[in-house]
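Visitor: Start counting the sequence shown at 8; every next residue gets the next number (the numbering used here).
For every residue, glycine included, the Cβ atom is placed at its ideal position computed from N, Cα and C.
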Amino acid sequence: MNRPIIGISAYAEQARWGEAWDLPATLLPQAYADSVAASGAAPVLLPSVEGTADTVARLDGLVLAGGGDIDPARYGAAAAPPTAGVRPARDSTEFALLEAALDRGIPVLGICRGMQVMNVARGGTLHQHLPDLVRSDVHRQRLAAFDPHPVKVAPDSPLADILGRTVLDVPSYHHQGLAVLGRGVAPMAWTDDGTVEAIAYTDRPGVLGVQWHPEMDDDPSLFDWLTERARAPRR
């Protein structure tokens, strides 16, 4: 059986490697590619350059990966500390990738930042620093640590069907979250403090987003779902 091709939006960061190199780089944590490959698909990195969205015509599925913060101007706000890591080229690329994927009808999985892109693309907004808003330490992440926290999933949601459970601990690393939900954006999971942890597009059954990092989890369900949808004939 041919493997479906799933594109993964890549980070655009300054990186160091070897003994001499310190350059702008297109990069991605290996766990993303490993998770896609383990589900039976072929992963392809999508760099933050003009024209990348044109590659969607050759893709069977799309992962919008985690990363730095979205430019608050995209949801009508001024940047407030500690919003950081804004990459305008990546913003432009990922919003264009999502639009192209929706036009083509391929499945989309948004992860962390990727879920936030999905909400902002539909006119939604973000809280720029959750620890300032909720009385919880859930979103106060240790540096470079995917600390687990509990999430409750709506029992009648597509996500519950995919995961086969409604209560789970998820690996997480984020300080921003959804504020106003965009058009046709339905919440599917929450933390105990009410923060939205998963969404779906009500008019697109193959488009899901989660605030946590399933690529760092032992449960392959979300990537298996994506690959299964990617194999299905498109209407």
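Tell whether a beta-carbon distance below 8 Å holds between K159 and W219.
Guide: No, the Cβ-Cβ distance between K159 and W219 is not below 8 Å.
Visitor: Write down every uninterrupted run of the beta strand (DSSP E) in the stretch 132–204 whose length is 3 residues or greater and which is fully enclosed by it, in chain order.
Guide: 154–160, 174–179, 192–197
Visitor: Evaluate contact between the stretch 82–95 and the stretch 41–49, counting only Cβ atoms and requiring at least three cross-stretch pairs below 8 Å.
Guide: no
Visitor: Any contact of the stretch 185–197 with the stretch 116–135, i.e. 3+ C-beta pairs under 8 Å?
Guide: Counting C-beta pairs closer than 8 Å gives three or more between the stretch 185–197 and the stretch 116–135, which meets the contact rule.
Visitor: Residues bridged to S16 by DSSP?
Guide: L53
Visitor: When you compare only the Cα positions, how much space is there between G74 and N9?
Guide: Going by the C-alpha atoms only, they are around 30 Å apart.
Visitor: Quick check on DSSP: helix, strand or coil for R23?
Guide: strand
Visitor: Skipping 5 residues on each side, what residues in its chain have a beta carbon closer than 8 Å to that of A17?
Guide: T33, L34, L35, L52, L53, P54, S55, A72
Visitor: Let's see if you can read the secondary structure: which residues bound the beta strand (DSSP E) around P212?
Guide: 211–217
Visitor: Quick one: what's got a C-beta closer than 7 Å to P162's C-beta in the same chain, skipping five residues either side?
Guide: T173
Visitor: Could you tell me the distance, in whole angstroms, from the CA atom of E235 to the CA atom of A27?
Guide: 43 Å
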